[in-house]
Amino acid sequence: AFTVVLHDLTHQKLNSDNEMMDFILRSMLDFYDDILLINIKENYVETTSQETFFQSPSGTKLRGIRTVMNRFTESFIYAPDREAFMNFMDKNSLIMRIRNARNSSLMGQFRVITKDGGHEWRLMNVYLLPTVRDCVVFCIRKSILQNQDDDADVRPIRS
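Our numbering numbers the first residue of the sequence shown as 7 and each following residue consecutively.
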């Protein structure tokens, strides 16, 4: 007599990937002020922190990447930087540019509008997620260029 034991390895791998994703995002939250997951294939942006520019609870899925990024740009990106930011975040070329970039990431610095109507520099990084196809992590933190001349052309650092 033979005994056959079948294991669902797909389920175990999925749990392992979810645990890895959770670890990666928790580690990044210590370093960045805001992190968004952008799923290009499924066409949504997901918030991952409570301090989000989008003022949505963590885990909120906002449908329509172009609409979400347009709203973010109009609400938070300083007017002279908007075109450069939209080019930086262009969803049609984003993954290809990341794959072709050194260190498999994109980095740019843009001015964001502050609550008092002024602006401050923010460093923005975009990384491919290792466990989810066609998904990137968009990270924002204060830049060390707070005293940088506003006319300096330092917005796209790598692309």
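All C-beta atoms, glycine included, are put in the ideal place defined by N, C-alpha and C.
1. From I71, C145, Y38, pick the residue whose C-alpha is nearest to that of N98; which is it?
2. Any idea what DSSP makes of R108, helix, strand or coil?
3. Starting from the C-beta of T79, find all residues in its chain whose C-beta is less than 7 Å away, skip the five residues before and the five after it, and write them out in chain order.
4. When the Cα of K67 is compared with those of P86, A85, N45, Y84, which residue comes out closest?
5. Checking 8 Å against the spacing of the C-beta atoms, do N131 and L112 come in under that value?
6. Pick helix, strand or coil for S165, following the three-state DSSP scheme.
Short version:
1. Looking from the CA of N98, the closest CA among I71, C145, Y38 belongs to I71.
2. In the structure shown, R108 sits in a helix (DSSP, three-state: H, G or I).
3. R88, F91, M92
4. When C-alpha distances from K67 are compared across P86, A85, N45, Y84, the shortest belongs to N45.
5. Going by C-beta atoms, N131 is nearer than 8 Å to L112.
6. Unreliable placement is indicated for S165, whose pLDDT of 42 sits below 50; no coordinate value is reported for it.
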